[in-house]
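Going by the UniProt record's numbering, the first residue of the sequence shown is number 1, and it counts up by one from there.
We treat Cβ as the ideally placed atom computed from N, Cα and C, and that holds for glycine.
This report concerns only the one structure given below.
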Amino acid sequence: MDDRTLVGAVNGLTARWARGTLAGGSTGETVFSAAGVWPLLALLAAGAAGPARGELEQAVATDAATAAGASGRLLARLDAMDGVDTAVGLWTRASLPLAPGWLSLLPAGAHGHFTGDVETDRKTLDAWAADRTHGMVPRMPVAVDRNTLLLLANALALRTDWAEPFQDHHTGTLFRSSRHLDMAGVAATPFGPLTMAKVNGTNGIEVHLLRGPDHVAPGEVLAAGVAALGGTYQVLPGNLLPYGRPGPGVVVEDVTSFDPAPALDLTTVPFTVDAEHDLLDHAELFGLARARDAGTGHFPGISVQPLAVGAAKQAATATFGAKGFRAAAVTAVSLIAGSAPGQARQARRVRVEFLRPFGFLAVHRLFPAVLVAGWVTP
Numbered sequence: 001m002d003d004r005t006l007v008g009a010v011n012g013l014t015a016r017w018a019r020g021t022l023a024g025g026s027t028g029e030t031v032f033s034a035a036g037v038w039p040l041l042a043l044l045a046a047g048a049a050g051p052a053r054g055e056l057e058q059a060v061a062t063d064a065a066t067a068a069g070a071s072g073r074l075l076a077r078l079d080a081m082d083g084v085d086t087a088v089g090l091w092t093r094a095s096l097p098l099a100p101g102w103l104s105l106l107p108a109g110a111h112g113h114f115t116g117d118v119e120t121d122r123k124t125l126d127a128w129a130a131d132r133t134h135g136m137v138p139r140m141p142v143a144v145d146r147n148t149l150l151l152l153a154n155a156l157a158l159r160t161d162w163a164e165p166f167q168d169h170h171t172g173t174l175f176r177s178s179r180h181l182d183m184a185g186v187a188a189t190p191f192g193p194l195t196m197a198k199v200n201g202t203n204g205i206e207v208h209l210l211r212g213p214d215h216v217a218p219g220e221v222l223a224a225g226v227a228a229l230g231g232t233y234q235v236l237p238g239n240l241l242p243y244g245r246p247g248p249g250v251v252v253e254d255v256t257s258f259d260p261a262p263a264l265d266l267t268t269v270p271f272t273v274d275a276e277h278d279l280l281d282h283a284e285l286f287g288l289a290r291a292r293d294a295g296t297g298h299f300p301g302i303s304v305q306p307l308a309v310g311a312a313k314q315a316a317t318a319t320f321g322a323k324g325f326r327a328a329a330v331t332a333v334s335l336i337a338g339s340a341p342g343q344a345r346q347a348r349r350v351r352v353e354f355l356r357p358f359g360f361l362a363v364h365r366l367f368p369a370v371l372v373a374g375w376v377t378p
């Protein structure tokens, strides 16, 4: 799987996630990272069989055999980026046998064991999440209990300082003026003009601000932004835009000035967005609908013990300020015992347990997979 195909697979999941969860009347703030989910789905696909394998292959847009290596390739490409940190962690019960071939797909040192004490394990997992995200995500999003046999997690953190900082007006807005008119533009999309503005970081990370017509759902705006970055839609840069109002929030005009040079004035708002996502609320989107059925096992390539998905969640955060951008996401999938095909189910288990709305996409200019996406309602 080459880089272009890999970027397309990750960005395809980003677009489907946006459309699937920010459609219709949904206008709430959110942030999410398909780049944090995709490697875990690919690893699960590599160990899956039957209908669960097919659904996971569809979610990652490649066959399971290719996904196995592509997961490692994506993690390596992300980890090599300046300003991006990523990590994979695997914890299992000591009694759970693992297939050596599947375990070898994970980075060295990623595998640990549960102690069997729920509180101790929770503290270990929370510390891992906090450490791998520089404190931005302080807790593992999936809780571990006595039924958890395996937990697979990914942490992703990114940070950049703006090449051209904003002025903080202390009135709830950020402003900057630039000579680079091509840092903003308007894309021609099926729903109409999409306004796009790029904010460059000092280390290759770019944040693209997106604004569509007011009647268009946030998920469609984000999905169109992903498509525009991939070249699907033509984007007319600021220096070629016609006079008037060629896009939402855009005015092109001549003004009286002592400086005759053209300028791009960008006004936005600082924001911090936090979100938690239960991936099983949209199990079909992530290829987990069949895999969550504990009536059978779905991952013979991971363990001879029948396994099913017990939980799958992501916690994410993003902060856009006058000087830079910070974001992080921790995604985790837990596996519980499934039943072997045809096996009598006789074991007893006793469970006791006490400015205007706009979107954003963060990418790296050398490997333009969307790292973090979100929606803001100032």
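- Counting the other CB atoms within 10 Å of its CB gives residue 71 a total of 16 or more, which places it among the buried residues.
- In the DSSP assignment, residue 317 is bridged to 274 and 328.
- Following the DSSP letters along the chain, one finds residue 160 in no alpha helix (DSSP H) but inside the beta strand (DSSP E) bounded by residues 150–161.
- DSSP lists 195 and 236 as the bridge partner or partners of residue 186.
- Pairing residue 78 with residue 191, the inter-Cα distance amounts to about 33 angstroms.
- Restricting attention to 366, 197 and 300, the CA atom closest to the CA of residue 181 is found in 197.
- DSSP places residue 254 in the coil class of the three-state scheme, outside both helix and strand.
- Contact holds between the region 28–38 and the region 359–378, because three or more Cβ pairs, one in each stretch, are under 8 angstroms apart.
- A distance below 8 angstroms between beta-carbons, with the five flanking residues on each side excluded, links residue 289 to the following residues of its chain, in chain order: 55 and 283.
- Going by C-alpha positions, residue 169 is about 10 angstroms away from residue 267.
- 377 is the residue among 8, 134, 135 and 377 whose C-alpha sits nearest the C-alpha of residue 273.
- With 16 or more other CB atoms across the displayed protein chains lying within 10 angstroms of its CB, residue 360 is buried.
- CA-CA distance, residue 132 to residue 155, rounds to 6 angstroms.
- If you check the CB distance, residue 7 and residue 152 do not come in under 9 angstroms.
- By the beta-carbon neighbour count (other beta carbons within 10 angstroms, threshold 16), residue 120 is exposed.
- A contact between stretches requires three or more CB pairs, one per stretch, nearer than 8 angstroms, and the region 96–111 fails this requirement with the region 171–181.
- For residue 57, the uninterrupted alpha helix (DSSP H) segment begins and ends at 50–60.
- Rounded to whole angstroms, the gap between the alpha carbons of residue 150 and residue 174 is 45 angstroms.
- Residue 314 is classed as buried because its beta carbon has at least 16 other beta carbons within 10 Å across all chains shown.
- Put simply, the region 134–142 touches the region 316–331. At least three CB pairs are less than 8 angstroms apart.
- In this structure, the alpha-carbon of residue 234 lies about 6 angstroms from that of residue 188.
- For residue 71, the enclosing alpha helix (DSSP H) stretches over residues 64–79.
- In the DSSP assignment, residue 21 falls within the alpha helix (DSSP H) that extends over 3–21.
- Among the bridge pairs identified by DSSP, residue 167 is matched with 175.
- For residue 42, the closest C-alpha among the options 20, 93, 17 and 106 is that of 106.
- The Cβ atoms of residue 201 and residue 161 lie closer than 9 angstroms to each other.
- Per DSSP, reduced to three states, the secondary structure at residue 306 is coil, with no helix or strand assignment.
- Shown here, residue 118 sits in a helix according to DSSP, grouped into three states.
- Spatial neighbours of residue 278 in its own chain (CB-CB distance under 7 angstroms, excluding positions within 5 residues in sequence) are listed in chain order as 313.
- Residue pairing of residue 367 in beta bridges, as defined by DSSP: 364.
- Here the alpha carbon of residue 130 sits roughly 32 angstroms from the alpha carbon of residue 220.
- The beta carbons of residue 291 and residue 52 sit closer together than 9 angstroms.
- By the Cβ rule, the region 293–313 does not count as touching the region 245–260, because fewer than three pairs are nearer than 8 angstroms.
- Under DSSP, residue 264 forms a beta bridge with 178.
- Under DSSP, residue 358 shares a beta bridge with 376.
- Non-local beta-carbon contacts of residue 275 in its own chain, meaning distances under 6 angstroms to residues more than five positions away in sequence, involve 30, 31 and 316 in chain order.
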